[in-house]
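Step one of this worksheet: look at the structure below.
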Amino acid sequence: LVPLVSVYLSSCSLYIAFSYSKYLKTPAHLTTTMADGPYKFIRDGDGKVSRVIRVGTRKSQLARIQTDSIVEKLKGLHPDVNFEIVAMSTTGDKILDTALSKIGEKSLFTKELENALEKNEVDLVVHSLKDLPTVLPVGFTIGAVLKRENPHDAVVLHPKNKGKRLDALVNKSVIGTSSLRRAAQLKRRFPHLEFKDIRGNLNTRLKKLDEKDDFSAIVLAAAGLRRMGWENRISQILGPEDCMYAVGQGALAVEVRARDRDILEMVSVLNDSDTVLSCIAERAFLKHLEGGCSVPVAVYTEVKNSQVYMTGAVFSLDGSDSLKETMQTSISSDNQTEEQEKVDEKVQRVGITALKVSGAAQDAAVKLGVDLGNLLLSKGAKEILTVARQLNDAR
6 LVPLVSVYLS SCSLYIAFSY SKYLKTPAHL TTTMADGPYK FIRDGDGKVS
56 RVIRVGTRKS QLARIQTDSI VEKLKGLHPD VNFEIVAMST TGDKILDTAL
106 SKIGEKSLFT KELENALEKN EVDLVVHSLK DLPTVLPVGF TIGAVLKREN
156 PHDAVVLHPK NKGKRLDALV NKSVIGTSSL RRAAQLKRRF PHLEFKDIRG
206 NLNTRLKKLD EKDDFSAIVL AAAGLRRMGW ENRISQILGP EDCMYAVGQG
256 ALAVEVRARD RDILEMVSVL NDSDTVLSCI AERAFLKHLE GGCSVPVAVY
306 TEVKNSQVYM TGAVFSLDGS DSLKETMQTS ISSDNQTEEQ EKVDEKVQRV
356 GITALKVSGA AQDAAVKLGV DLGNLLLSKG AKEILTVARQ LNDAR
């Protein structure tokens, strides 16, 4: 007998119910994988069919930890959905002998993942938000920005320097960082230190620090160390007076196809309103300055009492020249969790489509970033960044 199959699909439903004749049943120990256009399903031994959501990620240990944390959240919200993690290497993972600022590729850690998203090989991708450019390829959007981990930078010392701080290190001690932003600020703050590029994932950089005498310390994002469970390696957290952080640092982002309303709805519940608004303001600031990893641009943002406060700065490569300003804006919290916006790429704000976050508040955050960028540009930021870019290219 041929089973009768009824398929129900809706924008709010992420599973398919199949009705089978009692005369046919797949053995309980078997599963069957099926494809329907760009979607993937799995049928278990009891005949139950579930949607499979394929989640793209980089292969590094930190990337997997970050992705696993998001998948666990989604599993808790959607127990009838199967999540499959697809790990891959990116250009930034493969090129380890060149400073990030010298490679010249805007999508160092995202391009391969976005290619898989475009080809329907994955349904969503987990990124560190700071790796995502402010303008995404057509057809993609950031559907969720999760609550931010500590966004500051952290100092990890060579074992021989245990217990010290940067200001206590001996003259000409070498600090490892591949970030122009970190190096520019720390050269300005700690002129007795020297700085040298260091590449690789967290595991690789810590190994280079511990097993050789090339570096007295390295500077890393505190968020990554905390997620790896390596807080005990943090010797010093660098506050904004020492080193302001990168745009989006400490926040995780979920990138999806803009046309996939069901996926966008699914991940939208992961949005943290304060983090979304902070990061929209920061990304608008960076975009307006036309900045990136090839120039030293830094931010420090706080949300409190329905206000977003953002400090933005630009630096010369050696930190001797800089501009820094602070601005604030009011954000409305009324109906922030209830407001829905039409799913359309035009709704994107600097690459982010944040459903369930007030559109008025998002617009205010964009304006804050643009206004702060304009203020710095009016005081000479373009000239500082142009020279920094030229000097970096000539290195």
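In the numbering used here, each residue's number is its place in the sequence shown (first place is 1) plus 5. Ideal Cβ positions, reconstructed from N, Cα and C, are used throughout, including at glycine. Everything numeric in this text was worked out from a predicted model, so none of it was measured.
>> Give me the DSSP bridge partner(s) of His-132.
In response: Counting from one through the sequence shown, the residue named residue 132 turns up at place 127. Ala-258.
> Among Val-259, Asp-267, Thr-391, Val-261, which one has its Cα closest to the Cα of Val-86?
Replying inline: Taking the sequence shown and counting its residues from 1, the one referred to as residue 86 is at position 81. The shortest Cα separation from Val-86 among Val-259, Asp-267, Thr-391, Val-261 belongs to Asp-267.
> CB-CB under 7 Å to Lys-152, same chain, minus the five flanking residues each way: which ones, in chain order?
Replying inline: Residue 152 sits at position 147 when you count from the first residue of the sequence shown. Result list for Lys-152: Asp-277, Thr-280, in chain order.
> Since Arg-63 is in the beta strand (DSSP E), which residue starts that stretch and which ends it?
Replying inline: Translated into the one-based positions of the sequence shown, residue 63 becomes position 58. That run of the beta strand (DSSP E) goes 54–63.
> To the nearest angstrom, how far is it from the Cα of Arg-409 to the Cα of Val-352?
Replying inline: The requested residue 409 does not occur in the structure, where the chain is confined to residues 6 to 400.
> With DSSP run on the structure shown, which of helix, strand or coil describes Lys-177?
Replying inline: Taking the sequence shown and counting its residues from 1, the one referred to as residue 177 is at position 172. Coil at Lys-177, not helix or strand.
> Which partner residues of Glu-158 appear in the DSSP bridge assignment?
Replying inline: Numbered from 1 along the sequence shown, position 153 holds the residue referred to as residue 158. The sequence given here places Asp at residue 158; Glu does not occur at that position. Note: Asp-158 sits in a beta bridge opposite Ala-226, Leu-243.
>> Taking only three categories from DSSP, how would you classify Leu-90?
In response: Sequence index remark: in the sequence shown, residue 90 carries index 85 (1-based). Here the sequence assigns Ile to residue 90, which means Leu is not the residue at that position. Residue state, collapsed to three classes: strand.
> Taking the alpha carbon of Val-141 as the point to measure from, which residue in Arg-400, Val-355, Ile-242, Arg-56 has its own alpha carbon closest?
Replying inline: Translated into the one-based positions of the sequence shown, residue 141 becomes position 136. It should be noted that the sequence gives Leu, not Val, for residue 141. Of the candidates Arg-400, Val-355, Ile-242, Arg-56, the one whose C-alpha sits nearest the C-alpha of Leu-141 is Val-355.
>> Three or more C-beta pairs under 8 Å: does that hold for the region 238–253 against the region 132–147?
In response: yes
> So Ala-148 is in the beta strand (DSSP E); what residue range does that whole segment cover?
Replying inline: As a working mapping, residue 148 is identified with position 143 in the sequence shown. Correcting the residue identity first, residue 148 is Gly in this sequence and not Ala. Segment 145–150, the beta strand (DSSP E) holding Gly-148.
> In terms of residues, what are the limits of the alpha helix (DSSP H) holding Thr-391?
Replying inline: As a position in the sequence shown, residue 391 is number 386, starting the count at 1. Start and end: 386–399.
> Should Asp-265 be labelled buried (16 or more other beta-carbon atoms within 10 Å of its own) or exposed?
Replying inline: Against the sequence shown, residue 265 aligns to sequence position 260. So Asp-265 ends up on the buried side.
> Within 10 angstroms of its Cβ, does Gln-66 collect 16 or more other Cβ (buried), or is it exposed?
Replying inline: As a position in the sequence shown, residue 66 is number 61, starting the count at 1. Gln-66 should be labelled exposed.
> Between the Cα of Leu-79 and the Cα atoms of Asn-155, Ile-203, Glu-270, which residue gives the shortest distance?
Replying inline: As a working mapping, residue 79 is identified with position 74 in the sequence shown. Comparing Cα positions, the closest option is Glu-270.
>> Less than 8 Å between the beta carbons of Ile-147 and Val-300, yes or no?
In response: Here residue 147 corresponds to residue number 142 of the sequence shown, with the count starting at 1. Here residue 300 corresponds to residue number 295 of the sequence shown, with the count starting at 1. Taking 8 Å as the Cβ cut-off, Ile-147 and Val-300 do not qualify as a contacting pair.
> Are the Cβ atoms of Asp-215 and Pro-164 separated by less than 8 Å?
Replying inline: Walking along the sequence shown from the start, residue 215 turns up at place 210. Walking along the sequence shown from the start, residue 164 turns up at place 159. Yes, Cβ-Cβ distance for Asp-215 and Pro-164 is below 8 Å.
> Using a Cβ-Cβ cut-off of 6 Å (strictly less than) and excluding sequence neighbours within five positions of Asp-247, which residues of its own chain qualify?
Replying inline: Here residue 247 corresponds to residue number 242 of the sequence shown, with the count starting at 1. For Asp-247, where only same-chain residues beyond five positions count, the Cβ hits under 6 Å are Arg-194.
> Quick one: Cα of Ser-178 to Cα of Leu-291, how far?
Replying inline: Looking up residue 178 in the sequence shown gives position 173. Looking up residue 291 in the sequence shown gives position 286. Cα-Cα distance, rounded: 32 Å.
>> Rounded to the nearest angstrom, what separates Lys-167 and Arg-262 at their Cα positions?
In response: Position 162 of the sequence shown, counting from 1, holds the residue named residue 167. Position 257 of the sequence shown, counting from 1, holds the residue named residue 262. If I take the Cα positions, the gap works out to 47 Å.
> Out of curiosity, what's the CA-to-CA distance linking Leu-382 and Glu-77?
Replying inline: Working through the sequence shown from its first residue, we reach residue 382 at position 377. Working through the sequence shown from its first residue, we reach residue 77 at position 72. Going by the C-alpha atoms only, they are around 43 Å apart.
>> Just to confirm my understanding: we take Met-233, look at its own chain, exclude 5 residues before and 5 after, and list those with CB closer than 8 Å. What are they?
In response: Stepping through the sequence shown from its first residue, residue 233 is reached at position 228. Within the same chain, Met-233 has close Cβ partners Gln-66, Leu-67, Ile-70, Leu-207.
> According to DSSP, which residues form a beta bridge with Glu-199?
Replying inline: If you number the sequence shown from 1, residue 199 lands on position 194. Note: Glu-199 sits in a beta bridge opposite Val-179.
> In the structure shown, what three-state DSSP assignment does Lys-213 receive?
Replying inline: For the purposes of this step, residue 213 is taken as residue 208 along the sequence shown, with counting starting at 1. Correct three-state label for Lys-213: helix.
>> Suppose contacts are defined by Cβ-Cβ distances below 8 Å. Is Ser-221 in contact with Ile-285 by that definition?
In response: Your numbering for residue 221 matches position 216 in the sequence shown. Your numbering for residue 285 matches position 280 in the sequence shown. Cβ atoms of Ser-221 and Ile-285: not closer than 8 Å.
> What are the uninterrupted segments assigned as alpha helix (DSSP H) that are 4 or more residues long and contained completely in the region 281–329, given in chain order?
Replying inline: none
> Sorted by chain position, which residues of the same chain lie with C-beta nearer than 6 Å to Thr-334's C-beta, five sequence neighbours on each side aside?
Replying inline: Here residue 334 corresponds to residue number 329 of the sequence shown, with the count starting at 1. Same-chain partners within the cutoff: Val-313, Ala-369, Leu-373.
>> Classify Lys-309: buried if its beta carbon has 16 or more other beta carbons within 10 angstroms, exposed otherwise.
In response: Translated into positions along the sequence shown, residue 309 becomes position 304. Exposed is the call here.
>> Using C-beta distances below 6 Å, list every residue in its chain close to Ala-228, excluding the 5 sequence neighbours before and after it, in chain order.
In response: Along the sequence shown, read from residue 1 onward, the residue named residue 228 stands at position 223. So the list reads Glu-154, Asn-155, Gly-255, once near-sequence residues are dropped.
>> Is the separation between the beta-carbon of Gln-241 and that of Leu-171 shorter than 8 Å?
In response: Start at 1 with the first residue of the sequence shown, and residue 241 comes out as number 236. Start at 1 with the first residue of the sequence shown, and residue 171 comes out as number 166. For Gln-241 and Leu-171, yes; Cβs fall inside 8 Å.
> In chain order, what residues of the same chain lie with their CB nearer than 8 Å to the CB of Val-161, ignoring the 5 residues before and after it?
Replying inline: Residue numbering aside, residue 161 sits at position 156 when the sequence shown is read from its first letter. Within the same chain, Val-161 has close Cβ partners Leu-211, Leu-214, Ala-222, Ile-223, Val-224, Leu-225, Leu-230, Arg-238, Ile-239, Ser-240.
> When burial is assigned at 16 or more other CB atoms within 10 Å of the CB, is Arg-400 buried or exposed?
Replying inline: Taking the first residue of the sequence shown as position 1, residue 400 is located at position 395. Per the 10 Å Cβ criterion, exposed.
> By Cβ distance below 6 Å, which residues in the same chain neighbour Thr-331 in space, the five residues on each side in sequence not counted?
Replying inline: Here residue 331 corresponds to residue number 326 of the sequence shown, with the count starting at 1. Same-chain partners within the cutoff: Thr-316.
>> DSSP three-state label for Arg-48, please.
In response: Along the sequence shown, read from residue 1 onward, the residue named residue 48 stands at position 43. Strand.
> With 16 other CB atoms within 10 Å as the buried threshold, where does Gly-61 fall?
Replying inline: Indexing the sequence shown from 1 puts residue 61 at position 56. Buried, by the Cβ-count rule.
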